[in-house]
Amino acid sequence: MPEKSQVLIVDDDPEVLKTLQLWLKNEGFKVFTAANKKQAEEIVKAENIAVCLVDLHLKNEDGLHISAALKSLDELLRIIILTGYPTYESAIDAIKTGLFDYLSKSTDNDAILGKINTAVQERDRELAIKQDCDKNKISIILIGHHLLFKEGLENFLKENTEYCLLQTYHAFDYVKKSDFNLDPALLLICASCNQMFLEKPENMFSNLKIIFPNAKMVLINCDYNDDKKRELIRCGAKGFLPAKTGKANLKKALNCILQGQIWISRELSHQLLSELLEDTNPEIVYRKPLSTFGLTNREIEILQALASGLSNFAISEKLFLSEKTVKTHAHHIFKKMLVKTRTQAVMKAMEFHII
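Quick note, the sequence shown lines up with residues 16 to 370 if you use this note's numbering.
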């Protein structure tokens, strides 16, 4: 016998709670009730709630604030706002909060039941996708609620089964420090959904690095100028994808980023390299790097010389090596760092503080 879906009703009117509880129980749901935020949070923490019906206007509390708090406890929780006084403004606020639906209490019972069943089905679908994300796949966490991109990502995952969606957060402030055990390979951060956090991105990126230290962070749905991209790269961004990125380009970008490259335009890449060369001391001084890729001391010296803009011949003169030996070292550097050009090697060395 399949397990009953669990529904939570949050309302401070005892008669409403009793009526809804009896009705939904007869419809086959396991029903819990709460009269305030504190009670609701305790139930969501303890039970596997699929759908939550929340009164918009409780006497002493705001239904939208309660909903946001519950979503922060369980991102997969589907919340339906019920109100006796629906307004356009409150509906917009509910949508912005990322709630599943917004209904008048006078809505026909069959319509409400249909919404609850749809919410349960959507949650079950997301759970199935999450459970399918085994260790042999490239795991992705999405931080954003942009509907079109979520649908596009789902289609991408169906066609590219080596990837899987591990978790979805409505926005950055829904990410919990306790989720550090998820360990995704990629974080896709929707720029439009996290606009307020990206105005001063240092805090967001530093926190994400602590919670997901192995993840590569990619900005999606973005249309930044080069100055903003520079700022975000310094914070840890590994690439930028505009709103209308196709599935083929998305796959190409993600594969490049996973290989350690930064997905930016050729023009911006050249600008960043030029800035690096302007700031680089031409004297070759060996410094112990923070991350080595298995490079030898001599290969790091060669890499620092490449960053100084020296030719193979100039490096050979500087380090008292043959030009052929310098080329051999460069080949080994490219192979170890998984890059193909001097520019890529220098950019990656800068990223990992090798030079």
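All C-beta atoms, glycine included, are put in the ideal place defined by N, C-alpha and C.
What you are looking at is a predicted structure, and each value in this text was computed from that prediction instead of being measured.
The segment 188–204 touching the segment 238–245, judged by at least three CB pairs closer than 8 Å
With the cut-off at 8 Å, the segment 188–204 and the segment 238–245 do not touch.
Would you check if there are 3 or more beta carbon pairs closer than 8 Å linking the segment 308–316 to the segment 339–354?
These segments touch.
In this structure, does DSSP put residue 89 in helix, strand or coil?
Residue state, collapsed to three classes: coil.
Within 10 angstroms of its Cβ, does residue 116 collect 16 or more other Cβ (buried), or is it exposed?
Buried: at least 16 other Cβ atoms inside 10 Å.
Is residue 49 near residue 69, with beta carbons less than 7 Å apart?
No, the pair does not count as a contact, with Cβ atoms beyond the cut-off.
Considering only the alpha carbon of each residue, which of 173, 138, 272, 132 lies closest to residue 203?
Nearest C-alpha to residue 203: 272.
Extract the residue ranges of the beta strand (DSSP E) inside the segment 185–266, only unbroken runs of 3 or more that lie entirely within it.
Within the segment 185–266, complete beta strand (DSSP E) segments of at least 3 residues are found at 201–205, 231–235, 252–256, given in chain order.
One question on the structure: do residue 186 and residue 170 come within less than 7 Å of each other, judged by their Cβ atoms?
No, the Cβ-Cβ distance between residue 186 and residue 170 is not below 7 Å.
Applying the criterion that 16 or more other CB atoms from any shown protein chain within 10 Å of the CB defines a buried residue, is residue 163 buried or exposed?
Counting Cβ neighbours within 10 Å, residue 163 comes out exposed, since fewer than 16 surround it.
Do three or more CB pairs link the segment 132–143 to the segment 231–238 at distances below 8 Å?
Using a Cβ-Cβ distance cut-off of 8 Å, the segment 132–143 and the segment 231–238 are not in contact, since fewer than three pairs of beta carbons, one from each stretch, lie closer than that value.
Can you grab the Cα-Cα spacing for the pair residue 23 / residue 58, in whole Å?
The C-alpha of residue 58 is placed about 8 Å away from the C-alpha of residue 23.
May I ask which residues mark the beginning and end of the alpha helix (DSSP H) holding residue 343?
Start and end: 338–352.
Could you check the C-alpha separation between residue 363 and residue 320 for me, to the nearest Å?
Computed Cα separation, rounded: 15 Å.
Counting C-beta neighbours from all protein chains within 10 Å, is the total for residue 200 16 or more, i.e. buried, or is it exposed?
Buried.
Could you tell me the alpha carbon to alpha carbon distance between residue 375 and residue 166, rounded to whole angstroms?
Missing from the structure shown is residue 375; the chain here goes from 16 to 370 and no further.
Top-ranked residue by Cα proximity to residue 270, from 72, 254, 258, 282:
Ranking the options by Cα distance to residue 270, first place goes to 254.
Burial state of residue 335, where buried means 16 or more other Cβ atoms lie within 10 Å
So residue 335 ends up on the exposed side.
Using 10 angstroms around the beta-carbon of residue 221, count the other beta-carbons present and answer buried if the total reaches 16, otherwise exposed.
Its Cβ having fewer than 16 others within 10 Å, residue 221 is exposed.
Using the three-state DSSP reduction, which class does residue 45 fall into: helix, strand or coil?
Looking at residue 45 - three-state DSSP - the assignment turns out to be strand.
Environment of residue 136 [buried if 16+ CB atoms lie within 10 Å]
Per the 10 Å Cβ criterion, exposed.
Where does residue 285 sit, in a helix, a strand or coil, going by DSSP?
Reduced to three states, the DSSP call for residue 285 is helix.
Residue 257 versus residue 205 - alpha carbon distance
One Cα belongs to residue 257, the other to residue 205, and the distance between them is close to 10 Å.
Where the beta strand (DSSP E) containing residue 20 begins and where it ends
From DSSP, residue 20 is part of no beta strand (DSSP E); its letter is neither H nor E.
With a threshold of 8 Å on Cβ separation, who are the neighbours of residue 134 within its own chain once the five nearest residues in sequence on each side are excluded?
Hits under 8 Å: 65, 66, 93, 95, 115, 116.
Span separating the alpha-carbon of residue 176 from that of residue 120
Whole-angstrom Cα-Cα distance: 42 Å.
Based on Cα-Cα distance, which residue from 30, 32, 154, 56 lies nearest to residue 183?
If we check each option's Cα against that of residue 183, 154 comes out closest.
Residue 351 and residue 308: beta carbons closer than 7 Å?
For the pair residue 351 and residue 308, the CB atoms are nearer than the 7 Å cut-off.
Whole-angstrom distance between residue 281 and residue 52, CA atom to CA atom
Spanning the alpha carbons of residue 52 and residue 281 requires a straight line of approximately 51 Å.
So if DSSP puts residue 317 in a beta bridge, which residue, or which two residues, is it bridged to?
Its beta-bridge partners do not exist; DSSP assigns none.
For chain E, check one thing: does any of its Cβ atoms lie closer than 7 Å to the Cβ of residue 220?
As a matter of chain content, chain E is missing from the structure shown, which is built from one protein chain.
Sort 266, 267, 279 by Cα distance to residue 252 and report the nearest one.
Residue 279 is the option with its Cα nearest to residue 252.
Boundaries of the beta strand (DSSP E) in which residue 330 is found, first to last residue:
For residue 330, there is no enclosing beta strand (DSSP E); the enclosing alpha helix (DSSP H) covers residues 327–334.
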